[in-house]
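Asker: Structure provided below as structure tokens; questions to follow.
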Amino acid sequence: MKHYDLLIIGGGMVGASLACALRPLIRRQGLTLGIIESQPLTNDPGVLQPSYDARSTALAWGTREIYEELGLWSALSRNVTPIRSVHVSDRGHFGMSRLEHEEMGVEALGYVVENRWLGSVLQSDLQSDSTIEWIAPARVNRLRAGDTGMLLELDKQGETETLSADLTILADGGRSGLAQQLGIGERSNAYQQRALIANVTTSKPHQGVAYERFTDQGPMALLPLSDGRSALVWTLPEDEADAVLSLDDSAFLQRLQSRFGYRLGRLQRVGERFSYPLSLKWTSEQVRPGLVVLGNAAHSLHPVAGQGYNLALRDLMTLVRVLEQGVAEGKPLGELSLLSHYVALQQQDQTRTVGFSDRVVRLFSNQQPLLNQVRGLGLLGLELSPGLKHWFTRQAMGLVGEPGHSRFD
Ligand SMILES: Cc1cc2nc3c(=O)[nH]c(=O)nc-3n(C[C@H](O)[C@H](O)[C@H](O)COP(=O)(O)OP(=O)(O)OC[C@H]3O[C@@H](n4cnc5c(N)ncnc54)[C@H](O)[C@@H]3O)c2cc1C
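Quick note, the sequence shown lines up with residues 875 to 1283 if you use the numbering used here.
This is the structure we're talking about:
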């Protein structure tokens, strides 16, 4: 049975980013690191993994800082669209707020990247590194505790193999039931909503503005993309999503136009449409001896506030720092006290970010008259109160420390 110091289950956006972040540690210490991914590897941006589908992701400013630290920003930034301002509005209400990059003293509040591009940058960077072993396509079917660390049973194109590791990071997106096999519980709040995703071409240029619009059916976002396109994330009640998905392109654009309005002129063209059920999920345990649960496997958020991936990156950077410190002090990688320290350090950020996304969605998806008034006031309040607006913008930018300092200061 082959043994590794570290094994990552899932080479999606989170697992691959973690491998990049671990690289200095494994080189310095001569550690072994493997990533097990059930999809075949590819550098061809035309072939998609589940993580790198037609979706785009809004990267917060804090995430740019992370990718700069990892030496990946110059490659990534070749295909990102800066968000210069965020326009927040509430359909049928007067409240409106605009968050500007100048107010925060940065060149952009964040960036929109197509998952496909992010995936290919991460994968090609890791594949050129001989210190990291990709084990793909291979699917982990069983995960259990061994004497030292975890034991992983893999299906490698029809052959079964068992591997072991001092520290296993479960970054499977919560898709494969491995956490449940270990008896790790999951709490979830279903929003009874689906997210419709598509790229839309508009007659007016977006000029780097990201639109967040709250409607009586749920929030929608149009994020600026290259070539005059915007990335749509449209939340709809479950029962309506299928009907909207099955509309032909022109009826779909008409429906969207009536919901979104004419801020970007006429909505002219729509690409392929996808839909995702939405819920807030989080595991009851994120660490055990020899195990860390990370990314969507640990917590999955409503996409409207664009926080899930950004939070996962902050988590993984903290984990890497804790591991570096632990190794320097001679501690085993899988020691529970070390891993619990990671959770303790990230707890406040996780609670705040999950709470922020959840509150925004609930407040702005609700039809009750009193809440309607409160949310109108909420947006006006945001516009009128510089302190509140500054806080909101910093949260959206992924800068979660004290005002005036990035969390890596
Ligand atoms: C519509 C939508 C829009 C979003 N927009 C944003 C946004 O703007 N900003 C933001 O911060 N976040 C956003 N998010 C959240 C973001 O997409 C997630 O945080 C991110 O995809 C989580 O990545 P992950 O690597 O944890 O999981 P995944 O992307 O699911 O990757 C898991 C990987 O593990 C592999 N795998 C699974 N099981 C196994 C197994 N048993 N063995 C081996 N490999 C396995 C899979 O093939 C996959 O490659 C959005 C989410 C949605 C649904």
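In this text, a Cβ means the ideal position worked out from N, Cα and C, and glycines have one as well. All figures in this text were calculated on a predicted structure; none of them were measured in a lab.
Along the chain, where does the beta strand (DSSP E) that runs through LEU881 open and close?
Answerer: Note, LEU881: beta strand (DSSP E), 876 to 883.
Asker: Starting from the N-terminal side, write out each stretch of the alpha helix (DSSP H) that is 4 residues or longer and does not extend beyond the segment 1026 to 1074.
Answerer: Taking only runs of at least 4 residues, the alpha helix (DSSP H) segments lying wholly in the segment 1026 to 1074 are 1052 to 1055.
Asker: Can you list, in chain order, the residues of its chain whose CB lies under 7 Å from that of THR1192, leaving out five sequence neighbours each side?
Answerer: Correct list, in chain order: TYR1216, LEU1219, GLN1220.
Asker: Taking ARG1140 as the reference, which of ARG1129, LEU881, MET887 has the closest Cα?
Answerer: ARG1140 has its Cα closest to that of ARG1129, out of ARG1129, LEU881, MET887.
Asker: Which residues bound the alpha helix (DSSP H) around VAL888?
Answerer: 887 to 903 is the extent of the alpha helix (DSSP H) around VAL888.
Asker: Note down, in chain order, each residue of its chain lying with its Cβ closer than 8 Å to the Cβ of THR1005, except the 5 sequence neighbours on either side.
Answerer: Counting only Cβ-Cβ distances below 8 Å, and skipping sequence neighbours, we find ARG897, ILE900, ARG901, LEU907.
Asker: Please report the distance separating the alpha-carbon of LEU1041 from that of VAL1201.
Answerer: Computed Cα separation, rounded: 12 Å.
Asker: Tell me, please, which residues DSSP counts as bridged to TYR985.
Answerer: In DSSP, TYR985 forms a bridge with LEU933, PRO956.
Asker: Do ILE957 and ligand 1 come close, with the Cβ less than 6 Å from some heavy atom?
Answerer: Checking the Cβ of ILE957 against ligand 1 gives no.
Asker: Give the straight-line distance between the Cα atoms of TYR1065 and SER1153, rounded to the nearest whole angstrom.
Answerer: Each residue's alpha carbon lies about 5 Å from the other.
Asker: Can you say whether ARG1103 is buried or exposed, counting buried as having 16 or more other CB atoms within 10 angstroms of its CB?
Answerer: By the neighbour-count rule (16 or more Cβ atoms within 10 Å), ARG1103 is buried.
Asker: How would you call ARG1018, buried or exposed, if buried means at least 16 neighbouring beta carbons within 10 angstroms?
Answerer: Exposed is the call here.
Asker: According to the neighbour-count rule (16 or more other Cβ atoms, all chains shown, within 10 Å of its Cβ), is SER891 buried or exposed?
Answerer: With 16 or more other Cβ atoms within 10 Å, it is buried.
Asker: Nearest CA to the CA of LEU1097: which residue from LEU915, ASN953, VAL960, ILE910?
Answerer: Of the candidates LEU915, ASN953, VAL960, ILE910, the one whose C-alpha sits nearest the C-alpha of LEU1097 is VAL960.
Asker: At 3 residues or longer, what runs of the beta strand (DSSP E) sit wholly inside the segment 1100 to 1135?
Answerer: For the segment 1100 to 1135, whole beta strand (DSSP E) runs of length 3 or above, ordered along the chain, are 1103 to 1111.
Asker: Pick from ASN1073, SER1062, PRO1206, ASN989: whose alpha carbon is nearest that of GLN1142?
Answerer: Of the listed residues, the one whose Cα sits closest to GLN1142 is ASN1073.
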